[in-house]
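Here is the structure we will look at, set down as structure tokens.
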Amino acid sequence: MKDWKTYPYQFEGFEKQLQRIEEKKSQLDKLRPIPAIAIKNIKKSLTLEWTYNSNSIEGNTLTLQETKMVVEEGFTVKGKSLREHFEALNHADAIEFVEDLASKENPLSFSNILEVHSLVLQRIEKEFAGRFRNSGVRISGANFVPPNALKVPDLIEDLIDWTNSNSLHTVIKSAIFHHRFVWVHPFFDGNGRTVRLLFNLLLMKDGFPPAIILKNDRKKYYDALNKANQHDYSKLLLLIFQAVERSLDIYLSSLNNSYDDYLPISTIVQEERVPYGAEYLSLLARTGKIDAFKEGRNWLTTEESIRNYIANRDRKRILNNKN
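Following the UniProt record's numbering, the numbering of the sequence shown begins with 1 at its first residue and continues without gaps.
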């Protein structure tokens, strides 16, 4: 069987998007230390988004506004189950714990993983919280069967050792960690929420903002994980690159007051700013070929990013013709 540590992960435009991410991360680093008052609202908004989207991927029906009411205001939402309320509160507590871990220099550990999972399930399934599964499981819609429960501790220990010793770029490493954890499926319940907290712990330890897998990308997310089960990380890397870049854009635009440069693709097309249609621009955004991020179901980008893509495309065409 092919070793999971060597699955291919590059996709068309990989290097260019990784370079963009590095440049934006560098811009963010130059703004440090960021005053607490400046970052408070950004963190509050992203934390809420993180809880809402991660829970929604797993079937929680609270809306973003309802999640805010439950987590920030302590309200009870009529028509929603007690479990859904507790899932929101649990996740918010787990984020707070992960943020504290990220501020420390300690490497990822067994206890970190079990403590995060314990918080994810604390009010809803206490008998399973913070405990590895002790029997087999099957995952609906997945194209694999998780390993025997007896192997889970050793597989997780191997993953922790690899994570703490590997010199891969943090974003790449976090994506591979993400898949491998899901494949091991160490818990009876809460694996998805837990891994999306832990992979962000790895990012945040290296100074990245948390990357949020959006509810609207749920199918794409599961397809990417299934592709990784078939020994190809490329779709998962693309999705996580986009999530990381989106969070960097949110931080930078908020701190630099430059958010107005980003417009919905539909607006750019309607105003005839560029010689492309909405469908093609959306394809460029989805494949990471232009600087863009997603809000709800809409892709936002800048006219400058599209014109840079056109210029690079024309430059390549000229070089190819010369050769």
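Using N, Cα and C, we set each Cβ at its ideal position, and we do this for glycine too. On a predicted model such as this, the values are computed, not experimentally measured, just so you know.
Cβ-Cβ distance between residue i and residue j below 9 angstroms
i           : j           : result
residue 265 : residue 4   : no
residue 28  : residue 153 : no
residue 286 : residue 230 : no
residue 235 : residue 228 : yes
residue 9   : residue 217 : no
residue 276 : residue 302 : no
residue 299 : residue 196 : no
residue 122 : residue 166 : no
residue 58  : residue 80  : no
residue 199 : residue 125 : no
residue 174 : residue 46  : no
Straight-line Cα distance separating residue j from residue i
i           : j           : result
residue 280 : residue 192 : 32 angstroms
residue 244 : residue 295 : 14 angstroms
residue 170 : residue 72  : 31 angstroms
residue 54  : residue 100 : 19 angstroms
residue 62  : residue 156 : 32 angstroms
residue 38  : residue 255 : 7 angstroms
residue 6   : residue 240 : 18 angstroms
residue 75  : residue 94  : 19 angstroms
residue 238 : residue 11  : 7 angstroms
residue 138 : residue 222 : 15 angstroms
residue 23  : residue 30  : 11 angstroms
residue 271 : residue 26  : 33 angstroms
residue 307 : residue 132 : 51 angstroms
residue 333 : residue 224 : Nothing can be reported for residue 333, as the shown portion of the chain is limited to 1 through 323.
residue 13  : residue 297 : 23 angstroms
residue 269 : residue 293 : 16 angstroms
residue 158 : residue 288 : 32 angstroms
Best match in the options for proximity to residue i [C-alpha to C-alpha]
i           : options               : result
residue 148 : 180, 10, 29 and 184   : 184
residue 108 : 161, 134 and 64       : 161
residue 211 : 233, 178, 16 and 226  : 178
residue 164 : 181, 150, 202 and 180 : 202
residue 82  : 102, 60 and 98        : 60
residue 97  : 85, 113 and 84        : 113
residue 103 : 222, 206, 214 and 312 : 206
residue 41  : 308, 291, 297 and 253 : 253
residue 327 : 136, 269, 305 and 133 : Because the chain in this structure spans residues 1 to 323, residue 327 falls outside the shown range and cannot be described.
residue 274 : 309, 292, 297 and 248 : 309
residue 35  : 251, 270, 173 and 215 : 251
residue 86  : 297, 135, 119 and 115 : 119
residue 135 : 292, 314 and 150      : 150
residue 56  : 131, 33, 69 and 213   : 213
residue 128 : 186, 105, 142 and 270 : 186
residue 144 : 52, 297, 33 and 182   : 182
residue 249 : 13, 291 and 307       : 291
residue 226 : 146, 78 and 92        : 146
residue 106 : 278, 293 and 204      : 204
residue 115 : 317, 92, 52 and 194   : 194
residue 52  : 215, 78, 130 and 284  : 215
Neighbour-count burial assignment, residue i, 16 or more Cβ in a 10 Å radius
i           : result
residue 88  : buried
residue 180 : buried
residue 110 : exposed
residue 311 : exposed
residue 267 : exposed
residue 17  : buried
residue 190 : buried
residue 314 : exposed
residue 33  : exposed
residue 44  : exposed
residue 140 : exposed
residue 84  : buried
heavy atom of the ligand COA below 8 angstroms from residue i C-beta
i           : result
residue 194 : Summarising the ligand content, the structure contains no ligands, and the ligand COA is consequently not present.
Counting only runs of 4+ residues fully inside the region 251-308, write out the alpha helix (DSSP H) ranges in chain order.
-> 265-270 and 278-286
Complete runs of the alpha helix (DSSP H) confined to the region 142-171 [at least 4 residues] | 152-165
Please specify which runs of the alpha helix (DSSP H), each continuous and at least 4 residues long, are wholly inside the region 20-73, giving them in chain order.
-> 36-57 and 64-73
For the region 192-261, which segments carrying the alpha helix (DSSP H) assignment without a break, of at least 4 residues, lie completely within its bounds, in sequence order?
-> 218-229 and 234-256
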